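Structure first, commentary second.
There are 2 protein chains.
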Amino acid sequence: MTTRIQRRNRRRILDAALDVFSAQGFRGATLDQIAEAGGLSKPNLLYYFDGKEAIHRALLTDLLDTWLDPLRALDPAGDPQTEIMAYMRRKLQMSRDFPRESRLFANEILQGAPRMESFIRTELRPLVDDRAALLRAWATAGRIAPVDPYHLIFSIWALTQHYADFDAQIRMIRGDGHDPLDGADAFLEELYARLIAPAPQKAAAGPRAVTGGA
Amino acid sequence: MTTRIQRRNRRRILDAALDVFSAQGFRGATLDQIAEAGGLSKPNLLYYFDGKEAIHRALLTDLLDTWLDPLRALDPAGDPQTEIMAYMRRKLQMSRDFPRESRLFANEILQGAPRMESFIRTELRPLVDDRAALLRAWATAGRIAPVDPYHLIFSIWALTQHYADFDAQIRMIRGDGHDPLDGADAFLEELYARLIAPAPQKAAAGPRAVTGGA
DNA sequence: AACAGAGTTGACCATGCAGTCAAGTTTCTT
DNA sequence: AAGAAACTTGACTGCATGGTCAACTCTGTT
């Protein structure tokens, strides 16, 4: 049975750990930093979790479902363009609401995803394959432009998470008063509206081979 | 004066250090790992560089110019659409040729860019501002679609670097035999061709503000 | 009040790691 | 060949860090 104090302290620890892990990476983070940030002593922290690994694992598992939800919510019965735009919007909202979580993931993946490999292979991959098949079907039916479905999904990840993951760089470039996400909505709306709209002028082939690539 | 042995060993060390730093981040990397990867002893490594920081700094400074070159090469006198597409292609090629360097940067920026702040503020920012002004001028002149120039630049960074930085994830999703960059060229060509093409039907104003953003 | 169990922590330990150093070996120059 | 300079390294130091533990305090229950 979990007590009131347990709930409060576990939450404190995980919140502090998210701050530290997302900013320093797993190896860069120290238990002392997490304890300090959470306002507890290090032994107390280890009273609630079995070790550094365990804290990190708890953060990741808490997060995995949240991370899949936007893609899960992509409705095969909905209007293709509306659904894709809505997915992009949800992912962008996640960069706004959960930038630390995004950076936690980015850190993990940058280092080869050692602690997420099984999640990616057994949960993310089948879901992506399924949604890619859906996107391909929509493209084949002419309801969206015939773009590669995997690259379409990756592009949404890249463009939305970039605002959370590279926040520091964007702030240094745009100036500290500027919110990196200002104008991102409008830009991405326009980008995906143009990208997935079914070809209006079907005869116009580009001057370069578009499908080339080794 | 630098000897033959110095040149060889410095190169070995930097190459090994790039492997290790890009895969583990600064704090995650150890001098022993770098020495091991480079086939030298740790004291020998410290004979050539003044410390861990110095090796990392040498890697970054070696890289900064390379990193700016693609954007520098964007020619104000060229055809806007051709120039932007060529910039995107150069950046994508860098993800292909220098994935470790891309991950080294990503690691740094994820952690708040502590060792790159002055570079970003004094070199990257003015260059980006300059090129953003150019893109804005092109948009105002109706030579490309009226998209926010900063977000356009950021989108190119996000989309191209994603293939290097999130390589591990893409491989796990697409299967190990699949090259993450397969088809990326074609996809990004299509995406940017559609995004920056000046509006074909000029009367049709979009339902949402496209140029919004401070 | 008083007891049990939950919660807390200062002091400590073992390991990992950046960096040093003295003593060695190799390479270059003449 | 031989001396100088460049190069190399085993052994070591000091500090940071993950984790432990015995002793302590607080909280809830009767």
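In order, the protein sequences belong to chains A and B.
Each number in our numbering comes from the position in the first sequence (counting from 1) with 674 added on.
Each number in our numbering comes from the position in the second sequence (counting from 1) with 674 added on.
Glycine residues also receive a C-beta, built at the ideal position from the N, C-alpha and C atoms.
Since this is a predicted model, take the numbers as computed values, not measurements.
Chain-order list of residues whose beta-carbon lies under 7 Å from that of Val694 (chain B) (same chain, five-residue window excluded): Ala703, Gln707, Ile708 and Ala711
Would you check if the distance between the CB atom of His730 (chain B) and the CB atom of Phe700 (chain B) is smaller than 8 Å? Against a cut-off of 8 Å, the Cβ pair of Phe700 (chain B) and His730 (chain B) comes out as a contact.
Glu710 (chain A) CB to nearest chain B CB: under 8 Å? no
Using CA atoms only, rank isn't needed, just tell me which of B:Ala691, B:Ala697 and B:Ala751 is closest to Asp736 (chain B). B:Ala691
Can you confirm whether Ile794 (chain A), when its beta carbon is compared against all beta carbons of chain B, has any partner nearer than 8 Å? So, interface residue.
Leu719 (chain B) beta carbon less than 8 Å from that of Ile920 (chain B): Any property of residue 920 (chain B) remains undetermined from this structure, which presents chain B solely from 675 to 888.
One question on the structure: do Pro872 (chain B) and Arg799 (chain B) come within less than 8 Å of each other, judged by their Cβ atoms? no
Sort B:Pro754, B:Glu727, B:Arg777 and B:Phe723 by Cα distance to Trp831 (chain B) and report the nearest one. B:Arg777
Delimiting residues of the alpha helix (DSSP H) encompassing Asp804 (chain B): Arg799 to Thr814
Please check if any C-beta of chain A sits within less than 8 Å of the C-beta of His825 (chain B). Yes, contact with chain A.
Would you kindly report the start and end of the unbroken alpha helix (DSSP H) that includes Met790 (chain A)? Annotation for Met790 (chain A): no alpha helix (DSSP H) segment contains it, and DSSP assigns it neither H nor E.
Just to check my reading of the structure: Val842 (chain B) and Ala787 (chain A) have Cβ atoms closer than 8 Å, yes? What is that Cβ distance to the nearest angstrom? Here the sequence assigns Ala to residue 842 (chain B), which means Val is not the residue at that position. Indeed, because the Cβ distance is near 5 Å, the residues count as touching under 8 Å.
If we ignore side chains and look at the alpha-carbon of each, how far apart do Arg789 (chain B) and Glu782 (chain B) end up? Cα to Cα, the separation comes out at about 7 Å.
Helix, strand or coil at Thr677 (chain A) [DSSP, three-state]: coil
Sequence-distant residues of its chain with Cβ nearer than 7 Å to Ala806 (chain A) (five each side left out): Pro823, Tyr824 and Ile827
Output yes or no for whether 8 Å exceeds the beta carbon distance between Pro744 (chain B) and Arg774 (chain B). no
Distance cutoff 8 Å, beta carbons only. Does Arg868 (chain B) sit that close to anything in chain A? yes
Buried or exposed for Ala815 (chain A), please, with buried defined as at least 16 other CB atoms from any protein chain shown within 10 angstroms of its CB. exposed
Cut-off 8 Å between Cβ atoms - residues of its own chain near Gly851 (chain A), not counting five sequence neighbours on either side: none
Could you check whether the Cβ of Asp804 (chain B) sits closer than 8 Å to any Cβ belonging to chain A? So, not an interface residue.
Might you give, ordered along the chain, the residues of its own chain that have their beta carbon closer than 6 Å to the beta carbon of Ala732 (chain A), omitting 5 neighbours on each side? none
Select from A:Gly725, A:Trp741, A:Thr676 and A:Glu727 the residue whose C-alpha is nearest the C-alpha of Glu797 (chain A). Taking each of A:Gly725, A:Trp741, A:Thr676 and A:Glu727 in turn and checking the Cα distance to Glu797 (chain A), the smallest one comes out for A:Trp741.
Using a 10 Å radius around the Cβ and a threshold of 16 neighbouring Cβ atoms, would you call Gln680 (chain B) buried or exposed? exposed
Mind checking the stretch 772-801 of chain B against chain A and listing, in chain order, the residues whose C-beta falls within less than 8 Å of any C-beta there? Arg777, Ala780, Asn781, Ile783, Leu784, Gln785, Gly786, Ala787, Glu791, Ile794, Arg795, Leu798 and Arg799
Pair within 8 Å by beta-carbon distance, Ala619 (chain A) and Gln785 (chain B): This structure leaves residue 619 (chain A) out entirely; chain A is present only between 675 and 888.
Measuring CB to CB, does Glu757 (chain B) end up less than 8 Å from Leu766 (chain B)? no
May I ask you to report which of helix, strand or coil DSSP gives Thr823 (chain A)? Per the sequence shown, residue 823 (chain A) should be read as Pro rather than Thr. Reduced to three states, the DSSP call for Pro823 (chain A) is helix.
Can you tell me whether Phe772 (chain B) is helix, strand or coil according to DSSP? coil
Counting only beta-carbon atoms, is Arg763 (chain A) nearer than 8 Å to chain B? no
When we look at the beta-carbon of Asp724 (chain A) and count the other beta-carbons within 10 Å, is it buried (16 or more) or exposed? So Asp724 (chain A) ends up on the exposed side.
Would you say Ala832 (chain B) faces chain A, with C-beta separation under 8 Å as the test? With 8 Å as the cut-off, Ala832 (chain B) counts as an interface residue toward chain A.
Counting only beta-carbon separations shorter than 8 Å, does Pro881 (chain A) have a partner in chain B? Unreliable positioning characterises Pro881 (chain A) in this predicted model, as indicated by a pLDDT of 47, which lies under 50. The coordinate reading is nonetheless provided below. With 8 Å as the cut-off, Pro881 (chain A) does not count as an interface residue toward chain B.
Closer than 7 Å by C-beta to Pro854 (chain B): which residues in its own chain qualify, once you throw out the five before and the five after it? Chain order, please. Taken in chain order, the residues that qualify are Tyr837, Asp841, Ile844, Arg845 and Arg848.
Nearest-angstrom Cα separation, counted from Asp856 (chain B) out to Arg770 (chain B): 11 Å
Taking the alpha-carbon of Tyr721 (chain A) as reference, which of A:Asn683, A:Ser829 and A:Ala813 has the nearest alpha-carbon? A:Asn683
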